[in-house]
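Chemist: Residue numbers (the numbering used here), protein chains in the order written: chain A, 518 to 653; chain B, -18 to 233.
(1) Under a three-way DSSP split, which group does residue 597 (chain A) fall into?
(2) Could you tell me which chain A residues have their CB closer than 9 Å to the CB of residue 79 (chain B), listed as they occur along the chain?
(3) For a quick check, are the C-beta atoms of residue 622 (chain A) and residue 80 (chain B) less than 9 Å apart?
(4) Strictly below 8 Å CB to CB, what residues from chain A border residue -3 (chain B)?
(5) On the premise that residue 139 (chain B) lies in contact with residue 54 (chain B), defined as a C-beta separation below 8 Å, what is that separation, rounded to the nearest angstrom?
(6) For residue 119 (chain B), is the classification buried or exposed, using 16 other Cβ atoms within 10 angstroms of its Cβ as the cut-off for buried?
(7) Do the segment 124 to 140 of chain B and the segment 192 to 206 of chain B touch if we need at least three Cβ pairs shorter than 8 Å?
(8) Tell me the residue span of the alpha helix (DSSP H) that contains residue 124 (chain B).
(9) Does DSSP put residue 88 (chain B) in a helix, in a strand, or in coil?
(10) In terms of residue numbering, what span does the alpha helix (DSSP H) encompassing residue 554 (chain A) cover?
(11) If you measure beta-carbon to beta-carbon, which residues of the segment 181 to 199 of chain B are closer than 8 Å to chain A?
(12) Just the chain B side, please: which residues come within less than 9 Å of residue 620 (chain A) by C-beta, in chain order?
(13) As a quick exercise: from B:145, B:82 and B:98, pick the residue whose alpha carbon is nearest that of residue 0 (chain B).
(14) Taking the straight line between their C-alpha atoms, what separation do you get for residue 33 (chain B) and residue 194 (chain B)?
(15) Less than 9 Å between the beta carbons of residue 51 (chain B) and residue 142 (chain B), yes or no?
(16) At 8 Å on the CB atoms, spell out the chain A contacts of residue 246 (chain B), in chain order.
(17) Assign residue 40 (chain B) to one of two classes, buried (16 or more other C-beta atoms within 10 Å of its C-beta) or exposed (fewer than that).
(18) Closer than 9 Å, CB to CB, is residue 552 (chain A) near chain B or not?
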């Protein structure tokens, strides 16, 4: 080697299984993964709207498909993911938005609470509307 | 003569030299002291057991940012990691991940320095007074408070070691450099937003961050780089639509 010093860079990364290495990573991974379930839900709703314009038998067949046990499990998992995504995202807003009044940054709670309040109101209105349509 | 038996703690320290094919872990028994931090233990090893162990340190009080390492898998300043938190051990000490290892616990920081320089983390003035300030640039306490948190960075790079995006993208500018870019963009004395714009808004800039948030969790100075990046995203998005919808308001 005549005195030559070998230098090989040794790069150590978190690797592709990074999300398994800490609970905090896993929670973020689940937050981001939730978008897959929500995207599939959107597709299912779009197909439902399309089927609503088709003959009644087609529409009923699609409803039966949505009610099969596998799809029910999928819907339950999806709603859990949607709730988790919403909860985490609302709580991240204070980091994203820095609003200052008279030079002082407003407390995060003032940004988070209205979101949860608005969410509850909108959810209540939708449930009331569905109930009202069903009763009519 | 005291007969008390000294409590020992086992250290598994990452060892690597550039002419080695593979790194290894060397085990050292270190006496436990309640007031010792991991850096004290490393100094004990170097002074009394193995003088070949290589690592960086300087101030030992959480200011210089040079003693960062992975302690039991988490990025920590070794001068702030008390042994008592890890008892009964063993305590595994490794170099910060997401960097090339030079030797033992020492990582190569050249890539980071290039990224840091690319965001021009200094006050830029339209009047060309970057190198030599030409007058006083006054600032109120309220104006200072806007960026103060982001100015606390000590470049310890724990945030890069906690960032999965940095782990998979060598080009990602990363948490500390982007937080410092935001720090100067928010500084009322600075006029360099346009000059930093392209670097911050490029694909490897703020938009590559997926808001894992672990950079802020590990930051020993509570800088909140994740918050700085998200705030820069918000500013960038508003700026995009302003340029699109009201181009006459954009300074050429």
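Virtual Cβ for every residue (Gly too), placed ideally from N, Cα, C.
Every value quoted in this text rests on a predicted model; they were computed, and no experiment measured them.
Modeler: Once the coordinates are examined:
(1) helix
(2) 528, 529, 530 and 531
(3) no
(4) 527
(5) Their Cβ separation, rounded to whole angstroms, is 13 Å, which puts residue 54 (chain B) and residue 139 (chain B) out of contact at 8 Å.
(6) exposed
(7) yes
(8) 122 to 129
(9) strand
(10) 540 to 569
(11) 191, 192, 193, 194, 195, 197 and 198
(12) 121, 122, 123, 124, 126 and 127
(13) B:82
(14) 36 Å
(15) yes
(16) The requested residue 246 (chain B) does not occur in the structure, where chain B is confined to residues -18 to 233.
(17) exposed
(18) no
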